[in-house]
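Novice:
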Amino acid sequence: MSRVVVVGASGNVGTAVLRALNSDHEIGSVLGIARRPPVTDAEPYGQVEWAAVDIAEGEHVVDELTELFTGADAVIHLAWQIQPNTRRDQLREVNVDGTRRVAEAAGRAGVGQLLVASSWAVYSPDPDKQRRDETWSAGGVRSSHYSVDKAAQERVLDDFEATHPQVAVARMRTALVFQREAGAAITRYFIGPFIPPQVLSPRTLPVVPLPQGLQVQVIHAEDAAEAYLTVLRAGERGAFNAAAEPVLDVAALGRLVGRGRTVEVPWGLVRPLLALGHKARLAAADEGWVDMARELPMMDSSRLRGLGWQPRHGAEETLTEMLRGLAGSEGTPTPVMVPGVRSFGHMEEAAATTMTPSRPRPTLPQEAGRDGVPDHINAPLLSLYLSDHLTGATAGRDRIGQMARQYATTRLGPELARISAEIEGEHAFLSDVVDTLGLHQRSPRKVLAAVGERLGRLKMNRRVLQTSPMTPLLELS
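In my numbering, the protein residues as written are 114 to 590.
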């Protein structure tokens, strides 16, 4: 197989899939597509090509994707948005309409295989909570936006398969996908910033309250990635369940999360508590996740195992690793997986940081030394000249830095981060010049420049709480 394209390549599953593809010598090249591509040489991101595409931008994206997919043997579609879960139109535009655009582009480009990230959440409720194979009804849980969109996504694939039978479409119905490096991201998606990290360490809580009769299936990200490659190599189509063993029940969860002692809480009490916590912005997850945990069946992964897939990580090992990642707020250097950030309120600044390429601070040549200004140069005049430049550079650095943070989660983010890094480097160099020559930095001027830059953010565009769509153009010009 010469070329594989991964849409949504910088997230939890995407990171693991890139690692798997990079280690497969039969794969000639890999193209990663993301709304905010990472700017890093770290493994596995530095080993692939990247393109920035927002699949929610509109129908013209199909043409852009078609061009990128042309010549590829397979497309792996992983892009999915979970937050902000209060914006249903936005989520559906990304998750359902975005899948339709990716599929349509794959068909136009003549791609032979399309593997799509579905989920255990696609299934219809099962009152008996038995293990079900891929033939179980895929109608979703109506009270969960995540489950409803997953079911709608598969209906999109049904329609696509009917009109493009030449494309082998596979639906990868994975359990909850965990890995240590997803700790910070999963905290942002499901937990929020108000639970102390230490509480999330394995075997810490003396008593663990859990919903009555709770059962959970998980899968390690590495094993999920191997499931994708197993189906990819086999050229298979259809649905595939993927989950590690064993199913984690209340006793196992209490032993792994706490010290073995559990208190089973009635579902009728858990749901309103989570709903109240979510409305109060104390919990990131909404009550739909409780409904899925209560109503959905367990998955039977026999079909995938029949292709030779065998997970290397057990369910208990996977959950323990995930808990350590949560406690350490761990991640990778991408906007989606950025470590150390526990809430979406700080994601823009963190995303700008992860998209800024590292650059050594420039220094003067060694021969410049610290001998001061040569006698034939007017030192006061040079000091004034350089100080004026430093004043202007300070304002420019602050403005572009603010823009890089403000637009970090848009398609402008990577380029603004690059420009901001360059200007920051030039500002540091100019400051080094002034210091090395023993000249005086006029701090009052720098303060006035900083104040002026902040006042310049107040534009009379009749919008008090938001910027005008023209703001980026005006500020860059």
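Note that CB positions come from ideal geometry on N, CA and C, so glycine has one too.
Rounded to the nearest angstrom, what separates E139 and A185 at their Cα positions?
Specialist: The residue given as residue 139 occupies position 26 in the sequence shown. The residue given as residue 185 occupies position 72 in the sequence shown. Going by the C-alpha atoms only, they are around 14 Å apart.
Novice: Quick one, are the C-beta atoms of A357 and V331 less than 8 Å apart?
Specialist: Within the sequence shown, residue 357 is the residue found at index 244, counting from 1. Within the sequence shown, residue 331 is the residue found at index 218, counting from 1. Yes, the pair counts as a contact, with Cβ atoms nearer than the cut-off.
Novice: Entirely within the segment 166–248 and at least 3 residues each: give me those beta strand (DSSP E) ranges in chain order.
Specialist: Whole beta strand (DSSP E) segments, 3+ residues: 187–190 and 226–230.
Novice: Sort out for me which residues DSSP pairs M285 with in a bridge.
Specialist: On the sequence shown, residue 285 is found 172 positions in, with the first residue counted as 1. DSSP lists A230 and F353 as partners of M285.
Novice: G401 bridges to which residues according to DSSP?
Specialist: What you label residue 401 is simply residue 288 of the sequence shown in a count that begins at 1. In the DSSP output, where bridge partners are listed per residue, G401 has none listed.
Novice: Assign S471 to one of two classes, buried (16 or more other C-beta atoms within 10 Å of its C-beta) or exposed (fewer than that).
Specialist: For the purposes of this step, residue 471 is taken as the residue at position 358 of the sequence shown. In this predicted model, S471 has a pLDDT of only 42, less than 50, meaning its place in the structure is not dependable enough to derive any value.
Novice: With three or more C-beta pairs closer than 8 Å as the rule, is the segment 386–406 touching the segment 323–340?
Specialist: In short, these stretches touch, since the Cβ pair count reaches three.
Novice: Between G421 and the rest of its own chain, which residues show a CB-CB distance below 7 Å, the 5 nearest in sequence each way excluded?
Specialist: Within the sequence shown, numbered from 1, the residue matching residue 421 stands at position 308. Contacts found: T343.
Novice: Pull up the distance between the alpha-carbon of Q479 and that of L529, whole angstroms please.
Specialist: Counted from its first residue, the sequence shown places residue 479 at position 366. Counted from its first residue, the sequence shown places residue 529 at position 416. The pLDDT assigned to Q479 is 46, lower than 50, so where the model puts this residue is not dependable; a value taken from the coordinates is nonetheless given after this. Using only the alpha carbons, I get a separation of about 32 Å.
Novice: May I ask which residues mark the beginning and end of the alpha helix (DSSP H) holding R346?
Specialist: Your numbering for residue 346 matches position 233 in the sequence shown. First-last of the alpha helix (DSSP H) with R346: A334 to A347.
Novice: Which value, in whole angstroms, describes the spacing of the CA atoms of T179 and L228?
Specialist: Counting from one through the sequence shown, the residue named residue 179 turns up at place 66. Counting from one through the sequence shown, the residue named residue 228 turns up at place 115. Cα to Cα, T179 sits roughly 16 Å from L228.
Novice: Got a sec, what are the start and stop residues for the beta strand (DSSP E) G145 sits in?
Specialist: In the sequence shown, counting from the first residue as 1, residue 145 sits at position 32. Per DSSP, G145 belongs to the beta strand (DSSP E) from S142 to A147.
Novice: Taking DSSP as the reference, what is the three-state secondary structure of V329?
Specialist: Sequence index remark: in the sequence shown, residue 329 carries index 216 (1-based). In this structure, V329 counts as strand in the three-state DSSP scheme.
Novice: Assess contact between the segment 257–264 and the segment 308–322, defined as three or more Cβ pairs (one per stretch) separated by less than 8 Å. Is contact present?
Specialist: The segment 257–264 vs the segment 308–322: no contact.
Novice: V451 and G441 - do their beta-carbons sit closer together than 8 Å?
Specialist: For the purposes of this step, residue 441 is taken as residue 328 along the sequence shown, with counting starting at 1. For the purposes of this step, residue 451 is taken as residue 338 along the sequence shown, with counting starting at 1. No, these two residues do not count as a Cβ contact at 8 Å.
Novice: What residues match up with F303 in a beta bridge as DSSP calls it?
Specialist: Within the sequence shown, numbered from 1, the residue matching residue 303 stands at position 190. Beta-bridge pairing links F303 to no other residue.
Novice: With a 10 Å radius around its C-beta and 16 neighbouring C-beta atoms as the bar for buried, classify H391 as buried or exposed.
Specialist: Counting from one through the sequence shown, the residue named residue 391 turns up at place 278. H391 should be labelled buried.
Novice: Go ahead and pull the three-state DSSP assignment for L497.
Specialist: Along the sequence shown, one-based indexing puts residue 497 at 384. L497: helix per DSSP, three-state reduction.
Novice: Just the C-alpha distance for A122 and T128, rounded to the nearest angstrom, thanks.
Specialist: Position 9 of the sequence shown holds residue 122. Position 15 of the sequence shown holds residue 128. Straight-line Cα distance between these residues: approximately 6 Å.
Novice: In the structure shown, what three-state DSSP assignment does T153 receive?
Specialist: To locate residue 153, count along the sequence shown from 1; it is residue 40. T153: coil per DSSP, three-state reduction.
Novice: Please report the distance separating the alpha-carbon of A187 from that of A506.
Specialist: The sequence position of residue 187 within the sequence shown is 74, counting from 1. The sequence position of residue 506 within the sequence shown is 393, counting from 1. So the alpha carbons of these two residues sit roughly 47 Å apart.
Novice: Near V577, what residues of its chain come up, given a Cβ to Cβ distance below 8 Å and the 5 sequence neighbours on each side ignored?
Specialist: On the sequence shown, residue 577 is found 464 positions in, with the first residue counted as 1. Any answer about V577 is weak, because its pLDDT of 48 lies below 50 and its placement is not dependable; what the coordinates show is given next. Result list for V577: empty, nothing under 8 Å.
Novice: Is it buried or exposed for Q243, if we count other Cβ within 10 angstroms and need 16 for buried?
Specialist: Working through the sequence shown from its first residue, we reach residue 243 at position 130. Exposed, because fewer than 16 other Cβ atoms sit within 10 Å of the Cβ of Q243.
Novice: Determine the extent of the alpha helix (DSSP H) in which L387 is found, giving its start and end residues.
Specialist: What you label residue 387 is simply residue 274 of the sequence shown in a count that begins at 1. W380 to K392 is the span of the alpha helix (DSSP H), which, as asked, contains L387.
Novice: Pull up the CB-CB distance for R425 and E335, whole angstroms please, since I reckon it's below 8 Å.
Specialist: Sequence index remark: in the sequence shown, residue 425 carries index 312 (1-based). Sequence index remark: in the sequence shown, residue 335 carries index 222 (1-based). Rounded, the Cβ-Cβ distance is 7 Å, consistent with contact.
Novice: When the Cα of D246 is compared with those of E170, R372, T287 and T447, which residue comes out closest?
Specialist: In the sequence shown, counting from the first residue as 1, residue 246 sits at position 133. Nearest C-alpha to D246: T287.
Novice: Rounded to whole angstroms, how far is the Cβ of V166 from the Cβ of I146, which I believe are closer than 8 Å?
Specialist: To locate residue 166, count along the sequence shown from 1; it is residue 53. To locate residue 146, count along the sequence shown from 1; it is residue 33. Yes, they are in contact, since the Cβ atoms of V166 and I146 sit about 5 Å apart, within 8 Å.
Novice: Can you say whether A133 is buried or exposed, counting buried as having 16 or more other CB atoms within 10 angstroms of its CB?
Specialist: Mapped onto the sequence shown, residue 133 falls at position 20. When all chains shown are included, A133 counts as buried.
Novice: How many Å lie between G141 and S257 at the Cα?
Specialist: Within the sequence shown, numbered from 1, the residue matching residue 141 stands at position 28. Within the sequence shown, numbered from 1, the residue matching residue 257 stands at position 144. When rounded, the distance between both Cα atoms is 40 Å.
Novice: Go ahead and label S250 buried or exposed: buried means 16 or more other beta carbons lie within 10 angstroms of its beta carbon, across all protein chains shown.
Specialist: Locating residue 250 in the sequence shown gives position 137, where the first residue counts as 1. Exposed, since its Cβ has fewer than 16 Cβ neighbours within 10 Å.
Novice: Taking 8 Å as the cut-off, does the segment 216–223 touch the segment 149–156 (at least 3 CB pairs, one atom from each stretch)?
Specialist: No, the segment 149–156 does not touch the segment 216–223.
Novice: Assign S136 to one of two classes, buried (16 or more other C-beta atoms within 10 Å of its C-beta) or exposed (fewer than that).
Specialist: The residue labelled residue 136 in the question sits at position 23 within the sequence shown. So S136 ends up on the exposed side.
Novice: Quick one: what does DSSP say P324 is sitting in, helix, strand or coil?
Specialist: The residue you call residue 324 lines up with position 211 of the sequence shown. P324: strand per DSSP, three-state reduction.
Novice: Where A398 and L369 are concerned, what is the direct C-alpha to C-alpha distance, given to the nearest angstrom?
Specialist: In the sequence shown, residue 398 corresponds to position 285, counting from 1. In the sequence shown, residue 369 corresponds to position 256, counting from 1. Rounded to the nearest angstrom, the two C-alpha atoms are 21 Å apart.
Novice: Is the beta carbon of M411 closer than 8 Å to that of A355?
Specialist: By one-based count along the sequence shown, residue 355 stands at place 242. By one-based count along the sequence shown, residue 411 stands at place 298. No.
Novice: What does the alpha-carbon distance come out to for the pair T433 and I189?
Specialist: Here the question's residue 433 lines up with position 320 in the sequence shown. Here the question's residue 189 lines up with position 76 in the sequence shown. Approximately 28 Å, taken between the alpha carbons.
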